[in-house]
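Everything below concerns the one structure shown next.
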Amino acid sequence: MTSIESSHSDRMPGSVFATLDSRSLKLVAMLGLLLPLLLALLRDVGGCPTECQCIGQARVSVYCDFRGLEEVPINIPVTTTHLDLSGNKFTKVLPEMFLGHVVDSDGVFTKQTAALTQLKVLHLDLNPVAVVNEHAFDSTPSLKLIYLPFDVKIQHQAFAEMKTDKLTFDGFDRVESHPLEDPHFVAFFRSTS
1 MTSIESSHSD
11 RMPGSVFATL
21 DSRSLKLVAM
31 LGLLLPLLLA
41 LLRDVGGCPT
51 ECQCIGQARV
61 SVYCDFRGLE
71 EVPINIPVTT
81 THLDLSGNKF
91 TKVLPEMFLG
101 HVVDSDGVFT
111 KQTAALTQLK
121 VLHLDLNPVA
131 VVNEHAFDST
141 PSLKLIYLPF
151 DVKIQHQAFA
161 EMKTDKLTFD
171 GFDRVESHPL
181 EDPHFVAFFR
191 STS
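Mapped onto full-length UniProt numbering, the consecutive letters of the sequence shown carry residue numbers 1 to 193.
In structure tokens form, the structure reads like this:
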């Protein structure tokens, strides 16, 4: 038997690692130990809260719907354009709900927060929201469409003293509901005129 044949016959048949030398095996073992740590770091750098699903990078859609949340998760990317918080346990709408965390030059989230100024669509329907706090949406100048629970009360100055039975507030117009649509929410959009 030649030396090549003997080296092949010493290996375990069917083993993936049969062709690897001891140095390569150590490297594979080390990578196996580091892989969970690397994946955890990439998840944080990627910028999506663990409770949510994020789609996109430059314009991010964040889906945190039906998660049993009582507060907005940390690490909402400041580039968020669509935020779905429907079907959770929010009871109030406050301005601080719409703050995202800033990412540094290495792509890591910092403790510094900034307003979600690129937010265009917000879903808060199917939450037990009783009150929308005044100035709740002041930090979201790009907001075009808001879905709120149908029976929500609008606090003084939140929408220029608007109640949900009126048709407009602070540059927003109520979306007319269709008889076959879900009666559990009311939607408002900002006209661009």
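We treat Cβ as the ideally placed atom computed from N, Cα and C, and that holds for glycine.
Query: Classification of Leu-33 by the beta-carbon crowding that lies within 10 angstroms, buried from 16 upward; Result: exposed
Query: Local conformation of Leu-116 per DSSP, three classes; Result: coil
Query: Host beta strand (DSSP E) of Pro-149 (start-end); Result: 145-149
Query: Buried/exposed call for Gln-118, threshold 16 Cβ in 10 Å; Result: buried
Query: C-alpha gap between Leu-143 and Gly-68, whole angstroms; Result: 24 Å
Query: For Cys-64 and Val-152, the rounded distance between their alpha carbons; Result: 20 Å
Query: Ser-61 - containing beta strand (DSSP E), residue span; Result: 60-63
Query: Closest by C-alpha distance to Val-132, when choosing among Val-121, Lys-120, Pro-49, Tyr-147; Result: Tyr-147
Query: Rounded C-alpha distance that separates Met-97 from Glu-71; Result: 8 Å
Query: Spatial neighbours of Thr-81 in its chain, beta-carbon cut-off 6 Å, leaving aside the 5 residues before and after; Result: Arg-59, Gln-118, Lys-120
Query: Beta-carbon separation (whole angstroms), Val-78 vs Ala-136, contact threshold 8 Å; Result: With a Cβ gap of about 18 Å, Val-78 and Ala-136 do not count as contacting.
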